[in-house]
Every structure is written in structure tokens, then in C-alpha cells.
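Chains as they are written, first to last, in our numbering: chain A, 104 to 310; chain B, 104 to 310.
For each residue, glycine too, the CB sits at the ideal point set by N, CA and C.
One structure is given here, and the rest of the page talks about it.
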DNA sequence: TGGCGCATCACCCTCCGGGGTGATATCATC
DNA sequence: GATGATATCACCCCGGAGGGTGATGCGCCA
């Protein structure tokens, strides 16, 4: 795996450097330091970081939490707040933006590292689940009767909304063959039709 | 909202009590203290905690990470590791279990509190997304042509795999009425059949 | 060598899904 | 009081989906 590229958003340059050196000590690459919201936006679109460390108090017109919202809306990048504790109200606002973690200053290197690792791991997992599953195979393990490789491929097509005709074309198979496979798939999933099969897949995939 | 009920799994009784008092200071209810894996399992099934604080090193045949896996598999409860740092290998194993956070001892109260809050919030969100969407309405905002309330309800049924007959029964409507609604829904979603409609909903929901 | 799982294809039949068209009642809004 | 959106229901039509049955070829393994 390539090195993890971190964007650090922190208005105090000294602290920013401190954080950056900690990150590099544990093997991360700090792709940019941003001291203002503007810097942060530039860095986000230019550097495409893997994860963002976000100070909340920026002495700026937009604060870290607003930045968090933007990151949610425009980029799909996970982020972690790293900030001095600012009480209930701030925390409540922060929660709304679904950060992958919240570290309170003064931070220690180990906590920083473990939080980032967990954040990256969980984010990767969520991506995998929602996007289109590198792991249709995992699904197989949770079934009483396992699906064959061919059936798995076709089930993926079904899940994405293709009809039999389309499946036949994209897989270079006869329509009859598709029908047979689909029948077998339904039997193994214990469902009667496509929508039910899709619902089943969704249930099995989400844990 | 009712108070949040926390299960603390920590083999050292003194530390456990320390953690518990910290938690109560910030307004949580500690529903149980478990010093062994066995205690933890009992507490899980009896007390139904909202979240679990999990020490990894338990001086037991099963360690905290195995417990984490079990919590994933059997209960849908979020958990946070609270442990002394034990290096890369442990962290790698821990990541596999998808904890909602990872706190390194010695912990401080603020960090504990904020991490738990974030964990609970994110877990609630994930539940909402995967289970049945409090926000089928959000979906509506991303559509060129908005769906009426009735159509939204029926779309939900379609998404869950019900056929027209079932929809008619559960909504106390004529089959013909269902058909009409479904037709209109498909037109607004710009799809031709149920599986495609489901795929569309999925795409819109996962932003 | 025979059996088993898998993949491939065929034919038939039934029924549900979805399109087209049109009707009526309610309600808010202008 | 007219107009438009919504909700309700009806009938017709047809094509695809799904069930049942059966067949062939291939590779693996006992």
C-alpha cells in the first residue's frame, strides 16, 4: 500500500509543524499544511489527501466544523478533529458532520496514530460496502448454500438492475442459460423474484 | 433521550472503577463492569448496553479483540477500545473488528467523552442509513421531479422487495391504485422496472 | 469408470409487472 | 369557481419473469 497522505489543518504554525513531525514519525506523508480555511480548500482539491486532521478553532470566518461539512459534501474524504476541547455545544455541532474521530489536545502520538488507523480502516470499509463491493464473495460465506462463481457474477448484475436480456449480452450467454442461473440463484437465496433477491443481498452485505 | 448505558470491560478492578467514575461524571450510566470475557458476555446479553468500552489485554483465554468480533457478529453494539498501546500487530488485529474508536491509556476524561459521543453518533447514523432510512426524504431533494408522500411510502416498500399485491394489502389500497402509483414513481425516477428503481434509490441514498 | 458439480442451452407455461388510457374525489390555491 | 396536484380506482394488452423439466459437455475425484 502506498503511504497515507494526510492534510493537516491547524491555524497555529508551530503546532501544525509539531503535528506534522509526529505524523511523519509514524510513517504518514503530510501532503499539505493549511493554516486557514482557504488554504484547506485549495489543498483539498489539489492534493487529494487520504484523510484530514482538522482543528476546529481556526481564527477564521469559517471554522473547522464548517470545513468538515464541506469535506462531507464535496469530497468523500474521512477526517478527524484534533482540537482543544470546547465543550458540549461544539461537540454537538461536530457530531453532525460525522467525523471518523475526535482527538482532544494535548494529543499524544500513540492516540493520534491509532485513531487515524481506525479512521482509515473504517472509512475504507464503508466505501467498500456502499460502492459496489469488492466483496460479493464475503456474502457467499453467510449463505447456507454457497453460490458458484458464475452465479455470483450474475447476482451482481441483478443487484445493479440488469434484466435477463442485458445479462445475456454482457456475459455472452444464451437467454436460456441466464434464466437457468437466475432460477438457481433464487433458490439458493430463498427468494421468489429480483427485488427480493436484491433486498436479501443488501441485508447480507450490511454485516 | 434516555441516558446512555455503557458496559466497561477491564480486567483491573481499580482501573475499571476509575473509568466508571469518569463516565458517570460526564453523564453516562455504567450498566455493568466486566473483568473477564465471561462476565462481558453475560453483561452483553443481559444488560443490552448502548456501547462497550473494551480493554484488549484481559489476562484471559479470550482477549478484547475476540470480544470485539463477537460483539460485531452477535450484537449490533458499537464499541471502543480503551487500552494500553500494544504496537502495530495489535492495532492491525483491532482494525479488523471495526471499532468505532481506539483510546490509548492513560486516557483523559475529555478524550474519552468526545470519542464516545462521536462513536454513538456515527453508529446511530449508520443504523439509520442501513436499516430503513429516516431519510427517504433526503432522497427526494436529489430528484428532478419530487415524489409525493404516498409515492415515497410505496417506493420504500418496493425497495424492501414487496410486490404490488403485498403493497396493496399493507397499505389497504386497490391493486390498480398501486399500479398507478408505481407507474408514476418509475416515471419520476426515470427507470423501467423495479430492480432499476432499487438501484437508483441506492445510488441516490449513498450520495 | 462412474459419479458429482458446474455451466451451458432448449421448450413450455403461467402470471405478474408495467404501459396506455381514462375516470372520479379531494384539497389547496388562486 | 376554476385550476392543478394528489389520491383513488378500472380495464386492456403484452412482454418478460419465473417455474418445471430435461439435455449436453466438461472437469474433478473417488
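Neighbouring residues, chain B, relative to residue i (Cβ below 7 angstroms)
i, result
"residue 202 of chain A", "221"
"residue 167 of chain A", "Within chain B, no residue comes near residue 167 of chain A; the closest Cβ sits about 14 angstroms away, beyond 7 angstroms."
"residue 213 of chain A", "188 and 207"
"residue 261 of chain A", "298"
Chain A residues whose Cβ lies nearer than 9 angstroms to that of residue i
i, result
"residue 194 of chain B", "216, 217, 220 and 221"
"residue 253 of chain B", "Residues of chain A passing the Cβ test: none, with the nearest at roughly 19 angstroms."
Distance CB(residue i)-CB(residue j) smaller than 7 angstroms
i, j, result
"residue 174 of chain A", "residue 167 of chain A", "no"
"residue 218 of chain A", "residue 206 of chain A", "yes"
"residue 204 of chain A", "residue 222 of chain A", "yes"
"residue 300 of chain B", "residue 307 of chain B", "no"
"residue 136 of chain B", "residue 111 of chain B", "yes"
"residue 139 of chain B", "residue 163 of chain B", "yes"
"residue 264 of chain A", "residue 298 of chain B", "yes"
"residue 281 of chain A", "residue 296 of chain A", "no"
"residue 178 of chain A", "residue 197 of chain A", "no"
"residue 125 of chain A", "residue 108 of chain A", "no"
"residue 220 of chain B", "residue 200 of chain B", "no"
"residue 170 of chain B", "residue 143 of chain B", "yes"
"residue 304 of chain B", "residue 262 of chain B", "yes"
Below-7 angstroms beta-carbon distance, residue i vs any chain A residue
i, result
"residue 302 of chain B", "yes"
"residue 207 of chain B", "yes"
"residue 307 of chain B", "no"
Enclosing alpha helix (DSSP H) for residue i [first to last residue]
i, result
"residue 253 of chain A", "252-262"
"residue 147 of chain A", "140-150"
"residue 249 of chain A", "It is not in any alpha helix (DSSP H) - residue 249 of chain A carries neither H nor E in the DSSP assignment."
"residue 313 of chain A", "Because chain A is modelled from 104 through 310, residue 313 of chain A falls outside the range shown and cannot be assessed."
"residue 196 of chain A", "190-199"
"residue 272 of chain B", "267-273"
Listed by chain order, chain A residues near residue i by CB distance under 7 angstroms
i, result
"residue 171 of chain B", "What residue 171 of chain B touches in chain A: nothing, since even the nearest Cβ is about 12 angstroms away."
"residue 288 of chain B", "By Cβ distance, chain A contributes nothing, its closest Cβ being about 13 angstroms from residue 288 of chain B, past 7 angstroms."
Limits of the beta strand (DSSP E) - the one that residue i falls within
i, result
"residue 297 of chain A", "It is not in any beta strand (DSSP E) - residue 297 of chain A instead sits in the alpha helix (DSSP H) that spans 297-308."
"residue 186 of chain A", "182-187"
"residue 204 of chain A", "204-208"
"residue 294 of chain B", "Here residue 294 of chain B belongs to no beta strand (DSSP E), and DSSP marks it neither H nor E."
"residue 156 of chain A", "154-157"
"residue 110 of chain A", "108-112"
"residue 136 of chain A", "132-137"
Interface partners of residue i on chain B, CB under 9 angstroms
i, result
"residue 225 of chain A", "198, 201, 202, 203 and 225"
Residue-chain proximity (residue i, chain B), Cβ-Cβ < 7 angstroms
i, result
"residue 188 of chain A", "yes"
"residue 237 of chain A", "Below a pLDDT of 50, predicted positions are generally treated as unreliable, and residue 237 of chain A, at 47, falls in that range; no measurement from the model is reported."
"residue 112 of chain A", "no"
Under 8 angstroms by beta carbon: chain B residues contacting residue i
i, result
"residue 299 of chain A", "264"
"residue 108 of chain A", "Neighbours of residue 108 of chain A on chain B: none; closest Cβ ~19 angstroms, over 8 angstroms."
Contact list for residue i against chain A, beta-carbon separation under 8 angstroms
i, result
"residue 153 of chain B", "Correct list: empty, because the minimum Cβ distance to chain A is about 15 angstroms."
"residue 228 of chain B", "201"
Contact belief for residue i with residue j at Cβ below 8 angstroms, rounded distance in angstroms
i, j, result
"residue 69 of chain A", "residue 287 of chain A", "Look at the range of chain A in this structure, 104 to 310, and you will see that residue 69 of chain A is not part of it."
"residue 114 of chain A", "residue 212 of chain A", "Not quite, the Cβ-Cβ distance comes to about 21 angstroms (not below 8 angstroms), so this is no contact."
"residue 311 of chain A", "residue 260 of chain A", "Past the boundaries of the shown model lies residue 311 of chain A; chain A is included only from 104 to 310, so the question cannot be answered."
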